[in-house]
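These protein sequence lines map, in sequence, to chains A and B.
For the first sequence, position 395 matches number 394 in numbering that gives the first Met the number 0, and the numbering has no gaps at all.
For the second sequence, position 102 matches number 101 in numbering that gives the first Met the number 0, and the numbering has no gaps at all.
Ideal Cβ positions, reconstructed from N, Cα and C, are used throughout, including at glycine.
Heads up, the thing below is written out as C-alpha cells.
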Amino acid sequence: MNIVLRLAWRNIWRQRRRTWLTTGAMVFSNTLLVFMISLQFGMYGLMIDNTLKVFSGHMQIQVPGYKDDQKIRQAVPNVVPLASGLRQQFRTDTIAARGWAFGLASSAERSYGIGIFGVEPTFEPEVSSIPGLIKEGRYLEDSDATDIVIGSVLARNLRVGIGDELTLLGSGRDGSFAAAVVNVVGIFESGVVDIDRNIAQLPLGLFQEVFYMEGAGHQVVINAANLDEATLLEPQIIEALPAGEDLVVHDWDALQPGLKQAIQADMSSAFFMYGILVILVAFSVLNTQLMSVLERTHEFGIVMSLGLKPGRLGRLVMLETAMMGMLGLILGAIAGALFTSWFMVNGLSIPGMEEMSAKFNLPPRVYPQVNIWSTLIGPVVVFLFTLLAAVYPALRLHRLHPVEAMRAN
Amino acid sequence: MRMLPVLSRLAWRYLWRNHRRTIIMVGAIAVGAWAMIFMTALTRGMVDQMIRDGISVLPGHVQAHNPEFLDDPSVSNRIAMGDEELAGKFDAMDFRAWASRVRVPAVITSERESRGVTLLGVDPEAEEEFSFVSYEDVEGRFLETPDDKGVVIGRKLADKLDTEVGKRIVIMSQDPDNEIADRGFRVVGLFKANMAAFEESYVFVGKKTAQKMLRIGDTTTEIVFVGDDYRNVDPTYQRVSEAVAGKLKVSRWYEVDTYLGTMMKVMDGFVLIWVIVIFLALSFGLVNTLVMAVFERIREIGLMLALGMKPSSILGQIIIESMFLLAIGLGLGDILAFASVKPLESGIDISVVAEGMEMWGASSMLYPKLYWSDMVLANVVVLILGFLASLSPAWRASRYEPVEAITKVG
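Given below as C-alpha cells:
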C-alpha cells in the first residue's frame with residue numbers, strides 16, 4: 000500500500016469510537032435513503048403502470064380539443080380503419096379504437112348517468128386491464144351485438160345481473176336523441192369505486208350505430224412495451240397519421256397530467272427530507288474532521304517544519320475523509336440493499352393505508368425495487384457531501400504556522 | 000441537587016472551551032430542529048386544507064342519512080321525516096349550523112352535451128356558512144331562495160356542456176317510483192371551486208324546486224351538521240344520534256370520506272416518525288461530541304474525582320452539557336422555523352403541480368401551519384432522546400479510576 004494511503008488509514012483509526020460514530024451516521028442515513036428511494040420508485044412505477052393500464056394507454060390519437068372537453072362531436076373519422084392500418088404498419092395488436100359518450104343507464108328499478116365506452120372486443124384486452132377484470136359473465140365478443148359490460152358497483156346500484164336488460168339514453172353526435180336496449184353480459188370489478196360505479200363498455204359497432212357516429216370514434220389507444228419504448232414510438236405514430244386529417248397524438252403525460260405532477264409533488268417533499276438527512280451527516284463529518292485536525296495541530300506543525308507543504312496535508316485530510324466516506328458508502332449500501340431486499344421479497348404494507356393506495360391505483364402491499372441505481376444514488380450523494388464537509392478543515396491547514404503549531408498543546 | 004448551580008456553570012464553560020465544535024453541533028441540531036418543524040408545518044398545512052376542502056364538499060362534520068342511502072344513493076332511500084319535523088327537532092338544539100338537503104345523482108343535458116353530476120337541492124341561506132361555494136364569487140348570481148327556479152353549475156362543467164349564464168339546460172333523475180323525473184332550468188350562475196373536480200361534478204338548485212321535480216314532498220336525502228371543530232366531532236355526533244334515536248344512520252365526516260380520515264391519522268404518525276428519524280441522524284453527532292468532550296479531559300475528570308467529587312456529579316455535569324447543547328440548538332431551530340413559516344402562512348402557490356395535488360386531494364395553494372403541539376412534540380422528543388443518548392458517555396466518564404485517569408497521557 001502506498002505510504003500516504005497507509006498513513007491516512009492509520010490516522011482514521013486513531014480514534015476508533017469517533018470514526019465508528021461518524022461512519023454510523025453515514026450508514027444510518029444511507030440505509031434509510033436506499034430503502035426510501037427504492038420504495039418511492041417502486042411505487043411511482045406501479046402508479047404509472049396501473050393508472051395507464053386501466054384506460055389511457057401510453058398514448059392516444061384524438062382530434063385537437065377532445066382531451067379537455069370530451070364533446071361527442073369532437074370525433075376521429077373512420078376510426079376502425081385507422082386503428083387497423085396502424086396495427087398492420089407497426090405489426091402489433093396493442094392499438095385499439097374507442098368511442099366515448101355519456102348516457103343514462105336505466106334498469107327496471109334505477110337510473111344512473113354513466114360513461115359509455117365503445118370498444119373493439121378483439122383488441123381492447125391488449126390496451127386495457129378492464130377486460131381481464133371480469134368477475135361474472137364474459138367480456139364482449141361480437142362487435143355489433145347488443146351487449147354491455149358494466150362495473151360491479153354500478154350493477155349493484157342498478158340492481159341488475161348477467162342477462163338483464165338495460166336501457167341507454169343519451170344524445171348522439173348530431174345532438175339527436177340516442178337510445179338502445181342492451182343485455183348485460185359481463186360485470187367487472189377493478190376495486191376502484193369510481194371506475195366500478197361509472198363505466199360501461201359496448202362493442203364499438205353498436206356504439207357507432209346508437210350514437211350516430213357514422214364510422215367515427217373518439218380515440219385510438221396505443222400501448223408500447225414500456226414507457227421508454229412509448230417515447231420512441233410517438234414520433235413514428237405522428238408520422239403515420241393520415242395526411243390532411245386534423246389529428247393529434249397525446250402521450251400519457253398529457254392524458255393524465257395529474258399523475259406526473261402527483262409524482263413530482265411527492266418527489267419534491269421526499270427530496271427535501273433526503274436533503275436534510277444528507278446535511279446532518281455532513282455536519283457530523285465536519286465536526287469529526289475539524290476535531291481531528293485541531294487535535295493534531297502539534298503534529299502537523301512538526302511535519303510542516305520538516306518541509307511538508309500545507310497542500311499535501313490538506314490532501315491527506317481529504318483522503319482520510321474519503322476513506323471514512325467510502326466505508327460509510329459501502330456498508331450503508333450493503334445494509335440498505337439487504338434491508339430493502341427483505342421487503343422486496345416480503346412486501347410492505349402500512350396498516351390503515353388501503354384508502355390511500357386505492358386512490359393511486361396501488362396494491363395494498365408494495366414491493367420496493369432494489370437495483371444498482373436506487374442502491375447507489377443516495378450513498379453517493381452522501382459521500383460527495385462528506386467530501387465537501389471536509390474542505391473547511393483541510394483549508395484551515397493553510398493558516399497553520401509551523402512554529403506556533405508546534406507550541407500548541 | 001445542591002451541586003446543580005456549580006455543575007451547570009462548569010458544563011457551560013466546558014461547552015465553550017472548544018467553541019468550534021460546539022457551534023457546529025449547535026448548528027446541526029438547529030438545522031435538524033428547523034427541518035422537523037418546517038416540514039411538519041408544510042404537511043400539516045396541506046392535510047388541513049385537504050380536510051377543510053373535503054369537509055366543505057361533504058359537507059358538515061356529522062351527517063345523517065337513511066341507512067341504505069350511502070350504498071344506494073337513490074331518492075327511494077330518502078329520509079322519512081319531512082322538513083318541518085326536522086326543523087322542530089334540530090332548530091332548538093343550537094348546532095353551529097345544520098341543513099337538510101337533497102343529494103341525488105343526476106344527468107345534466109345542454110343542447111349539445113350530457114354529463115353525470117351530483118344534484119344538490121339546497122336552502123341557500125342555511126348553507127351559506129359552510130358551502131364550498133362562496134356566494135359572492137359566482138359569475139351571475141347564486142341561488143336566492145329554496146324555491147329559486149334557476150340552476151348554478153361550475154365553470155368547468157359549463158365549458159364541457161357548451162353553455163353559459165342565461166341558457167337553458169335539462170336535469171334528469173329518478174322519482175321514488177323509479178320513473179324518470181326531469182325539468183328544464185335556466186343557468187343563473189357559474190361557481191368557482193378550489194378543485195376542478197368539484198366544478199365538474201356538483202350542480203345546485205333550490206331545495207323546494209328539487210323536491211317538486213323529484214316528487215318527494217318536503218323530504219330530503221341528507222342532513223348535515225356543523226360543530227365547532229372538525230377534530231372533535233364526537234359531541235355533535237352524540238347529540239345527533241340521540242335526537243334521531245336509531246332511525247337514521249349518523250356518520251362522522253371521516254366515516255363518510257375514509258380517505259380523508261386516513262390522511263388525518265397518517266399525518267399524526269408521520270410527524271412522530273419524521274422527528275425520530277431526524278433525531279437519530281443527529282444522535283450520532285451528539286454522542287460523538289460528548290465522547291470527544293469526555294476524552295479530552297480525562298485527566299481533569301480524574302483530578303476532580305481524586306479531589307473528592309462524586310461520580311454522580313461527573314455524570315450530571317456531562318448530561319447538563321448535553322442538555323445545554325440541545326437546548327441552544329433547539330432554541331435556534333425553533334426561532335428559525337417560526338421565522339420561515341410565518342411569512343409563508345399567507346400561502347405558497349404550487350399551481351405548477353395543481354393537477355397532481357388534486358390527485359392527492361389537495362388544492363393548489365399550500366398554507367403551512369405551525370401547530371404549537373407539533374413544536375412542543377419535536378422539542379420534547381429531542382430532549383428526552385438526547386438525554387438517553389448522552390447517558391452512555393456520561394456514565395463512562397463517571398466510572399473512571401482517578402489514578403488511571405490522571406496518569407493517562409492525553
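Given a length threshold of 3 residues, each whole run of the beta strand (DSSP E) inside the stretch 157-221 of chain B is given here in chain order: 167-173, 179-190, 201-205. Nearest CB-CB separation between MET266 of chain B and chain A: not below the 8 angstroms threshold. For ILE23 of chain B, the residues of chain A that pass the 8 angstroms Cβ criterion are PHE282, LEU285, ASN286, LEU289, in the order they occur in the chain.
DSSP, reduced to helix, strand and coil, places GLN62 of chain B within a strand of the structure shown. Going by C-alpha positions, GLU241 of chain B is about 16 angstroms away from HIS60 of chain B. Residues of the stretch 170-190 of chain B that bring their beta carbon within less than 7 angstroms of a beta carbon in chain A comprise MET171, GLN173, ASN177, ILE179, in sequence order. Against chain B, a Cβ distance below 8 angstroms from GLU108 of chain A picks out ASN177.
The stretch 329-338 of chain A makes no contact with the stretch 32-52 of chain B, as fewer than three CB pairs between them are under 8 angstroms. ILE113 of chain A reaches chain B at GLY115, counting residues in chain order whose Cβ is nearer than 7 angstroms.
In the structure shown, LYS134 of chain A falls within a strand segment according to DSSP collapsed to helix, strand and coil. Remark: C-beta atoms of VAL280 of chain A and ALA393 of chain A do not approach each other more closely than 8 angstroms. Contact between PRO367 of chain B and LEU41 of chain B holds: CB atoms are separated by about 5 angstroms, below the 8 angstroms threshold. Distance check between HIS400 of chain A and each of A:LEU387, A:PRO309, A:PRO124, A:VAL365 places A:PRO309 closest, using alpha-carbon atoms only.
Shortest Cα-Cα distance from ILE300 of chain B to any of B:TRP394, B:VAL232, B:PHE197 involves B:TRP394.
In this chain, the alpha helix (DSSP H) harbouring MET358 of chain B covers 353-359. In the DSSP assignment, MET35 of chain A falls outside any beta strand (DSSP E) and within the unbroken alpha helix (DSSP H) covering 15-50.
Sequence-distant partners of THR218 of chain B (beyond 5 residues in either direction) whose C-beta falls short of 8 angstroms from its own C-beta, in its chain, are ARG77, ILE78, ALA79, MET80, GLY81, ASP82, GLN210. In the DSSP assignment, LEU289 of chain B falls within the unbroken alpha helix (DSSP H) covering 257-295.
Here LEU330 of chain A is near VAL26 of chain A, since their CB atoms are less than 8 angstroms apart.
The beta carbon of ARG17 of chain A is closer than 7 angstroms to those of THR287 in its chain, skipping five residues each way along the sequence. At a cut-off of 8 angstroms between beta-carbon atoms, THR339 of chain A makes no contact with chain B.
Listed along chain B, the residues sitting closer than 9 angstroms to ASP68 of chain A by beta-carbon distance are GLU112, ASP158, LYS159, ASP161. The contact set of LYS134 of chain A on chain B, defined by CB atoms closer than 7 angstroms, is empty, because the minimum CB distance reaches about 18 angstroms. Listed along chain A, the residues sitting closer than 7 angstroms to SER73 of chain B by beta-carbon distance are ARG109. Relative to the Cα of VAL243 of chain B, the nearest Cα in the group B:PRO66, B:PHE141, B:SER7, B:VAL380 belongs to B:PRO66. Per DSSP, the continuous beta strand (DSSP E) segment holding ASP250 of chain A begins and ends at 247-250.
Counting along the chain, the unbroken beta strand (DSSP E) around PHE101 of chain A starts and ends at 94-105. Contact annotation, VAL118 of chain A with LEU139 of chain A: C-beta distance approximately 7 angstroms; criterion of less than 8 angstroms satisfied. Residues of the stretch 50-72 of chain B whose Cβ lies closer than 7 angstroms to any Cβ of chain A, in chain order: ASP71.
Three or more Cβ pairs closer than 8 angstroms define a contact, and the stretch 256-264 of chain A falls short of that threshold against the stretch 365-380 of chain A. Sequence-distant partners of VAL365 of chain A (beyond 5 residues in either direction) whose C-beta falls short of 8 angstroms from its own C-beta, in its chain, are LEU38, GLY41, MET42, LEU45, GLY346, LEU347, SER348, SER356. As a beta-bridge residue in DSSP terms, ASN182 of chain A pairs with A:ASP146, A:GLU164. Spatial neighbours of LEU304 of chain B in its own chain (CB-CB distance under 6 angstroms, excluding positions within 5 residues in sequence) are listed in chain order as PRO401. Only buried fits ILE275 of chain A, as 16 or more other CB atoms lie within 10 angstroms of its CB. The beta-carbon of LYS52 of chain A is placed no less than 8 angstroms from the nearest beta-carbon of chain B.
One thing to note: ALA154 of chain A has its Cβ no nearer than 8 angstroms to the Cβ of LEU168 of chain A.
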